[in-house]
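Here the protein sequences come in this chain order: A and B. Residues in the first sequence are numbered consecutively from 17, following our numbering. Residues in the second sequence are numbered consecutively from 15, following our numbering.
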Amino acid sequence: MGTAASRIYLSLLFWVTGRAVQAAWRTDREVRREFDRLPDLFSFRLSVYPSGPGLTIMKKEGTVRYIRQGEEGPADLHMMIKSLSHGMSLFTFQESTALSASRGRIAIYGDLSYACSIVRVLDRVEIYLLPRVIAKRAVKRYESPPAKHRKRFMIYLRVLFSP
Amino acid sequence: MTSGEFFQFTSPQRTEAGLQALDRLPNLLRSLGLSKPLLITDMGVRKAGLTELISSILQASGGMRFADEFDSVPPDSDTGTIADLARYWHAGTFDCLLALGGGSVIDTAKAGNILISTGKDDLYQFQGYDNIPGPLKPLIVIPTTAGTGSEATSVSVIKDAERHRKLAFCSPWLVPTAAVLDPRMTMTLSKAITAATGMDALAHAVESYIGLAKNPFSDSFALRAVELISKFLPVSLKAPHDREARLQMLTASHLAGIAFSNSMVSLVHTIGHCAGAVCGIPHGVCMGILLPEALRFNLHRSASHIGEMLLPLAGRDISLAVPREEHPERFILALKEFRQHIHELSENTLPLRFCDIRDSMDSPVMTPEHMILIAREAAGDPSRFYNPEDISEAEIHAVLKASYWGYSLDQDLVKKGHQK
Ligand SMILES: [Fe+2]
């Protein structure tokens with residue numbers, strides 16, 4: 017894919033993933049538990065070096081929200097994918113976030129223990145968003161959540177329609 | 015990893031090693047254009063007479079000396095100590111840091127160097143992975159234990175005294191400029207510390223060899239480290255003043271340090287860090303206890319890699335006598351035999367199970383409540399990224415329980431993942 021096409025593809029994927037994190041927080045107990053570990057007013061950004069595309073999530077007054085591009089401030093935890101091509105291998109699900117990070121493709125600015133929580137959230141969200149055969153490659157360990165299909169339906173609805 | 019996959023490897027450091035390596039310290043400083051070192055050390059090192067020895071070496075060579083000494087690094091250094099160190103630096107005129115000590119001193123010097131070099135006063139903004147903006151002041155490290163390997167690594171971990179969290183820094187800029195390995199620095203170590211730190215070095219080598227970030231470069235360092243530890247840790251315990259053995263152990267620890275600086279560590283450290291923090295058990299002791307069962311947990315993912323370490327650990331005879339498919343299991347057994355041997359040579363000062371570690375009232379230091387807490391805390395330890403298999407709280411608890419009582423982990427308890 018060319019650079020422009022990669023950017024458009026990644027922007028779309030970041031948007032879906034970001035909205036899905038917000039939706040999964042409403043739908044899935046494990047995701048909620050991970051966010052419970054994080055302090056209030058915690059913001060997290062995953063983006064491609066140097067200036068995007070990316071997604072920003074914020075926990076504020078007990079709720080978790082996807083922040084629209086352009087409205088985000090500085091993040092407490094910023095995971096910076098070092099190049100567009102690394103972003104593509106991550107978001108065409110050729111390797112998991114953990115593998116990407118361990119191969120030095122992602123710089124992490126901030127508390128690494130929070131990054132552990134975020135990686136688990138992203139893995140969990142990918143299990144909901146993706147068909148099993150693709151998600152197996154995208155996450156470190158594939159575990160079907162209880163009532164996966166119902167929750168997946170809910171999450172997709174929320175990605176598309178929730179405010 | 016298979017061939018063709020991306021990897022990166024950094025070891026931008028000068029190493030000087032030898033029975034009298036420190037005699038060359040003045041030359042080393044001169045060749046780097048340095049003359050005003052700030053010595054960073056702790057009281058234990060000072061009491062052992064090691065600072066004097068180095069002082070006299072510097073003095074003998076054209077009257078060089080430490081520009082000043084900062085010797086108040088506590089065993090468990092925190093952000094307060096780092097701030098003191100930075101103030102100390104800015105109040106004087108120095109051109110490099112010279113760290114003399116074990117893990118805590120070296121990590122303090124590295125983290126202090128971040129503040130010193132950037133002129134900032136809060137470490138918080140630099141935590142993370144690749145989050146240090148550029149080169150730091152020259153740092154020369156002289157390790158006084160053979161285990162942490164911190165003199166070779168890109169990592170520093172410091173307690174945040176205010177926020178009660180651990181700050182982790184990982185950046186190639188943290189790798190010290192030079193390391194000097196001289197066995198005179200480790201010859202007076204007790205058997206307990208020799209054994210425990212040796213286990214730490216072994217854990218670094220083994221974990222870097224099975225972790226997700228392994229690569230052909232770090233593999234070579236790791237395998238050689240395992241071989242040296244297997245040969246020379248027993249000698250260092252039998253004959254503590256054997257300089258050759260002490261030097262080989264420093265070398266092994268350094269090699270393992272280079273390996274894990276690039277490939278990182280995984281489950282043994284994930285659990286070990288938390289057991290250390292929750293129960294105050296020394297790091298090396300945790301490593302020795304956890305190694306076999308944490309490896310067994312990873313058997314289904316990393317069998318071939320685990321098996322490949324049988325030759326350097328157990329030698330040719332055993333490795334040839336055992337069929338290849340049994341090498342992984344045999345490695346874990348060999349590890350236990352080695353540990354038992356070290357336990358005996360250390361005059362039983364290296365515990366083999368958590369249940370054997372007792373406080374002054376003879377109660378176990380690790381309680382069942384601790385185990386629950388350790389398993390929970392392990393969710394936030396970044397070394398878990400690098401473990402070949404993902405691991406849940408319940409599984410960490412299972413590894414911990416097996417290591418507590420000294421039985422073998424039931425592999426059926428492990429939920430096998432899917433990704434290669
Ligand atoms: Fe270690």
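Where a beta carbon is used, it is the ideal one built from N, C-alpha and C, also for glycine.
Helix, strand or coil: how does DSSP classify residue i here?
i, result
"A81 (chain B)", "coil"
"D92 (chain B)", "strand"
"G174 (chain B)", "Here the sequence assigns Asp to residue 174 (chain B), which means Gly is not the residue at that position. It is a strand residue."
"G298 (chain B)", "helix"
"R42 (chain A)", "helix"
"E87 (chain A)", "coil"
"G321 (chain B)", "helix"
"M74 (chain A)", "strand"
"F60 (chain A)", "strand"
"Q433 (chain B)", "A caution first: Q433 (chain B) carries a pLDDT of 43, below 50, which makes its placement in the model too unreliable to give a value."
"A416 (chain B)", "helix"
"M104 (chain A)", "helix"
"I405 (chain B)", "coil"
"M213 (chain B)", "helix"
"F231 (chain B)", "helix"
"T82 (chain A)", "As written in the sequence, residue 82 (chain A) is Tyr, which differs from the Thr given in the question. Correct three-state label for Y82 (chain A): strand."
"E30 (chain B)", "strand"
Any heavy atom of ligand 1 inside 7 Å of the beta-carbon of residue i?
i, result
"D214 (chain B)", "yes"
"A217 (chain B)", "yes"
"H283 (chain B)", "yes"
"H297 (chain B)", "yes"
"M301 (chain B)", "yes"
Residue i: which of the options sits nearest, CA to CA?
i, options, result
"L247 (chain B)", "B:P402, B:T159, B:R330 and B:A97", "B:T159"
"L43 (chain B)", "B:P326, B:D144 and B:I156", "B:I156"
"S116 (chain A)", "A:Y130, A:D44, A:S99 and A:V47", "A:S99"
"L216 (chain B)", "B:T24, B:R60, B:F235 and B:H411", "B:F235"
"V220 (chain B)", "B:F231, B:V240, B:A210 and B:S267", "B:V240"
"I405 (chain B)", "A:R148, A:S133 and A:V149", "A:S133"
"S67 (chain A)", "A:K76, A:G103, A:F177 and A:L173", "A:G103"
"E142 (chain A)", "A:R35, A:Y25 and A:E77", "A:R35"
"K75 (chain A)", "A:R119, A:T33, A:F58 and A:P162", "A:F58"
"A100 (chain B)", "B:I320, B:P186 and B:S131", "B:S131"
"A35 (chain B)", "B:A166, B:F368, B:I224 and B:I68", "B:I68"
"I83 (chain A)", "A:V32, A:Y25 and A:A151", "A:V32"
"C110 (chain B)", "B:I54, B:G76 and B:L324", "B:I54"
"F177 (chain A)", "A:Q38, A:Y25 and A:F30", "A:Q38"
"T79 (chain A)", "A:A40, A:L62 and A:M95", "A:A40"
"L325 (chain B)", "B:P382, B:K173 and B:K245", "B:K245"
"T208 (chain B)", "B:S374, B:H287, B:L261 and B:G47", "B:L261"
"A317 (chain B)", "B:P26, B:L46 and B:Q425", "B:Q425"
"D144 (chain B)", "A:L93, A:L29 and A:Q110", "A:L93"
"M201 (chain B)", "B:L366, B:P149 and B:L251", "B:L251"
"V379 (chain B)", "B:I154, B:L33, B:E30 and B:A289", "B:A289"
So, at 6 Å on beta carbons, what are the nonlocal neighbours of residue i in its own chain, with the 5 sequence-adjacent residues on each side left out?
i, result
"S27 (chain A)", "P69"
"A266 (chain B)", "A215, A239, L242 and I243"
"N276 (chain B)", "F23 and S232"
"R136 (chain A)", "E50"
"G106 (chain B)", "D82"
"G225 (chain B)", "S277, M278, S280 and Y400"
"F108 (chain B)", "K50, L52 and A81"
"Y418 (chain B)", "F368 and C369"
Ordered along the chain, which non-local residues of its own chain (more than five positions away) have a Cβ less than 7 Å from that of residue i?
i, result
"V282 (chain B)", "A217, E221, M301, L304, L305 and A308"
"L64 (chain B)", "L114, T158 and M199"
"I285 (chain B)", "L304, A308, I388, A392, I410, V413 and L414"
"M15 (chain B)", "A caution first: M15 (chain B) carries a pLDDT of 47, below 50, which makes its placement in the model too unreliable to give a value."
"S170 (chain B)", "D121, K124, A125, F183 and L188"
Taking Cβ-Cβ distances shorter than 7 Å, what residues in chain C pair up with residue i?
i, result
"D404 (chain B)", "Annotation note: the requested chain C is absent from the structure, which comprises protein chains A and B."
Closer than 8 Å by C-beta to residue i: which residues in its own chain qualify, once you throw out the five before and the five after it? Chain order, please.
i, result
"P161 (chain A)", "D44, E46, R140, I143, Y144 and K167"
"H104 (chain B)", "I130"
"E361 (chain B)", "K205"
Report whether the distance from the Cβ of residue i to the nearest heavy atom of ligand 3 is below 7 Å.
i, result
"G286 (chain B)", "Although ligand 3 was asked about, the structure shown includes only ligand 1 as ligands."
Those runs of the beta strand (DSSP E) which lie wholly inside the stretch 239–273 of chain B and span at least 3 residues: The stretch 239–273 of chain B is shown to contain no whole beta strand (DSSP E) run of 3 or more residues.
Segments of 3+ residues assigned as beta strand (DSSP E) that fall wholly inside the stretch 131–159 of chain B: Here the runs fully enclosed are 153–157.
Which ranges does the beta strand (DSSP E) cover as unbroken runs of at least 3 residues, wholly within the stretch 325–377 of chain B, from first to last along the chain? For the stretch 325–377 of chain B, not a single whole beta strand (DSSP E) run of length 3 or above is found.
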